[in-house]
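Asks: Numbering (the working numbering), first residue to last: 139 to 269.
#1: For residue 157, I'd like the list of residues in its chain whose CB is within less than 6 Å of its CB, leaving aside the five on either flank, ordered along the chain.
#2: Measuring CB to CB, does residue 233 end up less than 8 Å from residue 211?
#3: Expressed to the nearest angstrom, what Euclidean distance is found between the alpha-carbon atoms of residue 197 and residue 152?
#4: Using DSSP with H/G/I as helix, E/B as strand and the rest coil, what is residue 173?
#5: Please name the residue, chosen from 174, 161, 159, 187, that lies closest to residue 260 on a Cα-to-Cα basis.
#6: Identify which residue in 231, 202, 253, 167 has its Cα closest to the Cα of residue 213.
#7: Quick one: give me the first and last residue of the alpha helix (DSSP H) that residue 239 is part of.
#8: Output needed for residue 241: all residues of its chain with C-beta closer than 6 Å, excluding positions within five of it in sequence on either side, in chain order.
#9: Ends of the alpha helix (DSSP H) at residue 214?
#10: Could you tell me whether the stretch 213-226 touches the stretch 248-262, where touching means 3 or more Cβ pairs closer than 8 Å?
#11: Looking at the structure shown, is residue 165 part of a helix, part of a strand, or coil, going by DSSP?
#12: Can you tell me whether DSSP reads residue 262 as helix, strand or coil?
#13: Does DSSP put residue 153 in a helix, a strand or coil?
#14: Whole angstroms are fine: how far does the CA of residue 255 sit from the CA of residue 119?
Here's what the structure looks like:
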């Protein structure tokens, strides 16, 4: 394997796709193992509540990825600064999901991981968040 191909696997889109899948899996595992059912539910509802309109907006106009990601990153920073862990976790998963959407099929594993987490909480209504 030549050096250019090696570095593109580590640092290119394929490397980022692997990192996104690993990060999504680690975050969800942390929430599932380290938090109670209430926080898991709240994270799932907040992710669903954020991703539904966001994914629709960027699928209609791919030029909106940048501004939408910037807005999510701003909200993410605000939650971190205010020590709002549930929202911080939810926004982290949303950012991962959108970056995975941008990368397409090579990052499908990250999206599937988040989709499965959301599917586990499909029976919960959006208005039940306690955060």
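We put the CB at the ideal spot given by N, CA and C, even for glycine.
Replies: From the atom records:
#1: none
#2: yes
#3: Cα-Cα distance, rounded: 22 Å.
#4: coil
#5: 187
#6: 231
#7: 223-241
#8: Answer for residue 241: 151, 155, listed in chain order.
#9: 203-219
#10: no
#11: The answer is helix: DSSP assigns residue 165 an H, G or I state.
#12: coil
#13: helix
#14: Look at the range of the chain in this structure, 139 to 269, and you will see that residue 119 is not part of it.
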